[in-house]
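Trainee:
There are 2 protein chains.
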Amino acid sequence: MIKTVEWTNEGVSMLDQRLLPTEEKYLILRSYEEVADAIKKMVVRGAPAIGVSAAFGLALGAKQSVGTSIADLEFDFDYMCEVMGSTRPTAVNLFWAIERMRQALRRAKEKTQDVEEAKQILVDEALKIYQEDLESNRAMGRFGGELLQDGATVLTHCNAGALATAGDYGTALGVIRGARDLGKRIAVIADETRPFLQGSRLTAWELSKDQIPVTLITDNMAGHFMKQGKVDAVVVGADRIAANGDTANKIGTYMVAVLAKRHNIPFYVAAPVSTLDLSILTGEEIPIEERDAKEVTHVRDQQLAPEGIEVHNPAFDVTPNELITAIITDRGVAREPYTQSLKKLVESAAVA
Amino acid sequence: MIKTVEWTNEGVSMLDQRLLPTEEKYLILRSYEEVADAIKKMVVRGAPAIGVSAAFGLALGAKQSVGTSIADLEFDFDYMCEVMGSTRPTAVNLFWAIERMRQALRRAKEKTQDVEEAKQILVDEALKIYQEDLESNRAMGRFGGELLQDGATVLTHCNAGALATAGDYGTALGVIRGARDLGKRIAVIADETRPFLQGSRLTAWELSKDQIPVTLITDNMAGHFMKQGKVDAVVVGADRIAANGDTANKIGTYMVAVLAKRHNIPFYVAAPVSTLDLSILTGEEIPIEERDAKEVTHVRDQQLAPEGIEVHNPAFDVTPNELITAIITDRGVAREPYTQSLKKLVESAAVA
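Chain order of the listed sequences is A and U. Sequential numbering of the first sequence, starting at 1, is according to my numbering. Sequential numbering of the second sequence, starting at 353, is according to my numbering.
1) Indicate whether residue 391 (chain U) and residue 439 (chain U) have their beta-carbon atoms separated by less than 8 Å.
2) In chain U, what lies closer than 7 Å to residue 185 (chain A) by C-beta?
3) Tell me, to the nearest whole angstrom, how far the beta carbon of residue 55 (chain A) is from that of residue 275 (chain A); I am working on the premise that it is less than 8 Å.
4) Do you know offhand how far residue 5 (chain A)'s Cα is from residue 592 (chain U)'s?
5) Let me make sure I understand the geometry here. Which of A:310, A:284 and A:329 has the alpha-carbon closest to that of residue 295 (chain A)?
6) Is it a yes or a no for the region 450-458 of chain U touching the region 594-610 of chain U, going by three-plus beta-carbon pairs under 8 Å?
7) Would you kindly work out how many angstroms separate the C-alpha atoms of residue 352 (chain A) and residue 139 (chain A), rounded to a whole number?
8) In chain U, what lies closer than 8 Å to residue 130 (chain A) by C-beta?
9) Taking 8 Å as the cut-off, does the region 499-511 of chain U touch the region 577-586 of chain U (at least 3 CB pairs, one atom from each stretch)?
10) What alpha helix (DSSP H) runs, 4 residues minimum, are completely inside the region 35-97 of chain A?
11) Determine the chain A residues that contact residue 547 (chain U) at a beta-carbon separation under 8 Å, and present them in chain order.
12) Could you spell out where the beta strand (DSSP E) holding residue 31 (chain A) opens and where it closes?
13) Residue 227 (chain A) versus chain U: which residues are under 7 Å apart at the beta carbon?
14) Distance, Cα to Cα, residue 464 (chain U) vs residue 618 (chain U)?
15) Specify whether the region 151-163 of chain A and the region 246-263 of chain A touch according to this definition: at least 3 beta carbon pairs, one from each stretch, less than 8 Å apart.
16) Using a 10 Å radius around the Cβ and a threshold of 16 neighbouring Cβ atoms, would you call residue 707 (chain U) buried or exposed?
17) How many angstroms separate the CA atom of residue 271 (chain A) from the CA atom of residue 576 (chain U)?
18) DSSP state of residue 167 (chain A), grouped into three classes?
19) Helix, strand or coil: how does DSSP classify residue 277 (chain A) here?
20) What residues in its chain sit with their C-beta under 7 Å from that of residue 137 (chain A), if we drop five residues either side in the sequence?
21) Any Cβ of chain A within less than 8 Å of the Cβ of residue 345 (chain U)?
22) Which same chain residues end up closer than 7 Å to residue 205 (chain A) when comparing Cβ atoms and leaving out the 5 residues on each side of it in sequence?
23) With 7 Å as the limit, tell me which residues of the region 664-689 of chain U have their beta carbon closer than that to any beta carbon of chain A; keep them in chain order.
24) Could you tell me which chain U residues have their CB closer than 7 Å to the CB of residue 262 (chain A), listed as they occur along the chain?
25) Going by beta carbon distance, what residues of the same chain come within less than 6 Å of residue 612 (chain U), once the five residues before and after it are set aside?
26) Are any of the Cβ atoms in chain D nearer than 8 Å to that of residue 303 (chain A)?
27) Beta-carbon of residue 516 (chain U) versus every beta-carbon of chain A: anything under 8 Å?
28) Let me make sure I understand the geometry here. Which of U:695, U:483 and U:667 has the alpha-carbon closest to that of residue 683 (chain U)?
29) From the beta carbon of residue 310 (chain A), is the nearest beta carbon of chain U less than 8 Å away?
30) If contacts are defined as beta-carbon pairs under 8 Å, then residue 589 (chain U) and residue 530 (chain U) qualify, I think. What distance do you get, rounded to the angstrom?
31) For residue 291 (chain A), I'd like the list of residues in its chain whose CB is within less than 7 Å of its CB, leaving aside the five on either flank, ordered along the chain.
32) Identify the continuous beta strand (DSSP E) that holds residue 129 (chain A) and give its terminal residues.
33) Run through the region 166-202 of chain A for me and flag every whole alpha helix (DSSP H) of 4 or more residues, listed as ranges in chain order.
34) According to DSSP, is residue 660 (chain U) part of a helix, a strand, or is it coil?
35) If I'm right that residue 568 (chain U) touches residue 542 (chain U) with Cβ under 8 Å, what's the distance once you round it to whole angstroms?
What follows is the structure, encoded as structure tokens:
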């Protein structure tokens with residue numbers, strides 16, 4: 001089992017995804033600042049993984065708080081939440097996890113005056129978020145696995161796998177693993193996903209490790225293979241889904257969705273309910289992170305573009321709901337009209 | 353003026369495009385084999401530049417032939433044509449240039465028994481192909497420049513610039529330069545164009561050099577910027593255009609065309625008449641070159657994907673005629689139905 005992020009006695013253990021696929025190295029992060037920094041620098045990425053990491057970071061920070069009263073802890077904790085919340089703007093799971101931890105502290109306050117007990121409640125909550133993430137991926141795998149045909153070739157963009165979650169199954173790749181668990185033979189085409197190359201570095205790595213057949217292509221080849229009839233379905237993850245189903249995901253997802261539509265290929269989004277943000281009506285309201293130009297102009301230390309060239313580097317784009325065949329969540333599969341179907345899922349009981 | 357390829361007393365001078373944008377180095381190729389090898393290894397690339405280079409290579413080979421009779425020269429020349437024709441399969445300008453040189457030798461045979469005179473006729477023909485290429489780009493610039501609006505932002509894919517032709521203007525970038533010459537302010541968005549990065553390495557370099565504003569993006573960002581209304585037109589080059597207008601061009605062009613259609617953005621192809629292949633009815637018949645997996649898995653010596661991963665690397669794709677607003681040639685602008693309009697252009701007199 002791939003362990004993307006874990007709680008250990010020494011701190012938060014995190015697989016350094018920047019070094020994959022050539023090096024498999026685990027960092028031990030020993031403070032909430034180190035965890036925030038790791039999120040910012042994309043040691044870990046993927047909306048659910050960011051959520052779990054943030055929760056662990058806050059639990060670690062709380063544990064290390066020197067405050068002797070709950071009020072002291074709360075003061076420290078509020079500040080940590082701010083630091084953690086400013087790491088990356090698009091993935092809603094970050095804010096969702098921070099809010100879950102805040103609520104846990106509120107519950108702790110009602111329950112106890114003992115600061116050590118309150119800290120333990122926060123650690124337990126983070127471990128619960130972690131455990132739920134693993135379970136929710138398995139649930140998505142079961143729901144989504146049903147939708148794929150035996151023998152299908154599935155195209156995916158970016159990495160929405162074990163490495164984008166706490167570990168194990170992943171979201172979009174969880175759906176592929178779910179289909180495999182149902183005895184279906186699935187082959188994957190992985191877009192390399194410029195500029196950060198999550199497809200070539202991460203998706204190709206974790207599927208190879210899992211012995212799921214995978215073929216790597218550059219992002220601009222997706223249309224060519226769809227035109228040749230070589231893609232039966234698309235499954236991608238999500239960083240934030242608006243109430244109407246509009247989905248922010250890794251830059252390039254919109255392009256894949258437009259191409260899938262043209263070729264009548266089903267386009268599925270796989271994400272836990274924690275990725276839904278019903279507070280915003282459409283994708284227009286989702287903030288899109290702009291990242292460093294150097295991600296585009298360089299690969300490691302190799303300069304690929306002229307010195308000083310102007311660059312755009314939005315990390316995400318928004319796919320409108322009309323291009324999405326279904327949204328596979330841990331509580332079931334939502335279809336149009338999403339405003340109703342997503343609301344219903346959020347209001348339903350969580351998977352046991 | 354950028355000089356992509358040139359005839360010199362010492363041999364064929366060629367800018368080594370593999371080293372751009374960090375190094376501007378000119379190679380002197382001293383035999384037809386060295387020219388063929390340079391085409392194969394993409395020291396030079398771009399359909400018209402390949403055509404001109406092949407003509408120079410054959411002229412050089414003929415000049416160096418030790419045969420003392422025209423029959424000897426012809427024997428050598430046939431072999432050289434085979435070697436040259438096997439370098440790259442998709443760009444039709446290669447075969448067009450070889451055929452022009454063959455015809456020149458046939459004319460020489462009718463005219464003279466002097467092998468040195470025949471060799472000079474071949475050198476003159478290659479220089480004529482070179483000169484015509486420069487002129488045809490200027491003509492495309494005039495025709496195409498009319499189609500762009502003042503203040504337009506034009507997206508381009510790959511490099512169809514000076515570096516894809518004998519030098520100077522280029523095809524798609526020739527249209528942009530043509531618009532500039534008409535006093536229009538044009539800004540360019542350049543797709544980086546994986547895997548060979550002709551956009552970031554070449555287009556960004558030559559436009560910067562020419563002080564035309566250029567912004568670099570990864571290929572998968574094109575849809576996002578079109579959706580935001582930031583692209584007014586698309587202009588790309590071509591490697592081969594079938595009788596019905598279907599166009600083979602750098603991998604990813606099809607994706608850009610599909611996105612342009614969705615956003616009602618005009619999609620122009622710019623190519624000289626020598627890129628037309630009326631012998632094939634549709635794009636289905638165009639052979640697509642599959643290149644080395646290492647272009648996808650590595651950037652220079654940097655490994656980006658797991659060892660031994662399966663890779664697809666088609667160098668081109670085919671854009672169907674229905675997605676093409678107009679084809680800008682050196683003899684005028686063709687529109688639907690292309691089967692008629694392209695035939696008419698080929699039958700028309702060449703530009704003076």
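A virtual CB, placed ideally from N, CA and C, is assigned to each residue, including glycine.
Mentor: The structure says:
1) Yes, they are a contact pair.
2) In chain order: nothing, as chain U lies at least about 16 Å away.
3) 15 Å between Cβ atoms; not a contact.
4) In this structure, the CA atom of residue 5 (chain A) is about 50 Å from the CA atom of residue 592 (chain U).
5) Each of A:310, A:284 and A:329 was checked against the Cα of residue 295 (chain A), and the nearest Cα belongs to A:310.
6) No contact exists between the region 450-458 of chain U and the region 594-610 of chain U.
7) Confidence in residue 352 (chain A) is poor, its pLDDT being 41 and thus under 50, which makes the residue's placement unreliable; the coordinate value appears in the next sentence. About 10 Å.
8) For residue 130 (chain A), no chain U residue has a Cβ inside 8 Å of its Cβ, as the nearest lies near 27 Å away.
9) Flag = yes, the region 577-586 of chain U and the region 499-511 of chain U touch.
10) Runs found: 47-64 and 70-85.
11) Near residue 547 (chain U) (Cβ distances below 8 Å), the residues of chain A are 218.
12) For residue 31 (chain A), no beta strand (DSSP E) encloses it, and the DSSP letter there is neither H nor E.
13) The answer, in chain order, is 606.
14) So the two alpha carbons sit approximately 51 Å from each other.
15) Three or more Cβ pairs closer than 8 Å define a contact, and the region 151-163 of chain A meets that threshold against the region 246-263 of chain A.
16) Chain U is shown only over 353 to 704; residue 707 (chain U) falls outside these bounds and no answer can be derived.
17) Distance between the alpha carbons of residue 271 (chain A) and residue 576 (chain U): 22 Å.
18) Collapsing the DSSP output to three states places residue 167 (chain A) in a strand.
19) The answer is strand: DSSP assigns residue 277 (chain A) an E or B state.
20) Same-chain partners within the cutoff: 165, 168, 169, 170, 171 and 174.
21) Nothing about residue 345 (chain U) can be reported from this structure: the residues present for chain U run from 353 to 704 only.
22) These residues qualify, in order along the chain: 20 and 21.
23) Under the 7 Å Cβ criterion, the region 664-689 of chain U contributes 664, 666 and 669.
24) Neighbours of residue 262 (chain A) on chain U, chain order: 610.
25) Answer for residue 612 (chain U): 586 and 619, listed in chain order.
26) The structure shown contains no chain D; the protein chains it does contain are A and U.
27) No, residue 516 (chain U) does not count as interfacial toward chain A.
28) If we check each option's Cα against that of residue 683 (chain U), U:695 comes out closest.
29) Chain U, which has a Cβ nearer than 8 Å to the Cβ of residue 310 (chain A), makes this yes.
30) Distance from residue 589 (chain U) to residue 530 (chain U) at the Cβ level is roughly 14 Å; contact not present, criterion being Cβ atoms closer than 8 Å.
31) Excluding sequence neighbours, residue 291 (chain A) sits near 313 and 315.
32) For residue 129 (chain A), there is no enclosing beta strand (DSSP E); the residue is found in the alpha helix (DSSP H) stretching over 115-145.
33) Along the length of the region 166-202 of chain A, whole alpha helix (DSSP H) runs at least 4 residues long occupy 172-181, reported in chain order.
34) In the three-state reduction of the DSSP assignment, residue 660 (chain U) falls in the coil class.
35) Residue 568 (chain U) to residue 542 (chain U), Cβ: 5 Å. Contact.
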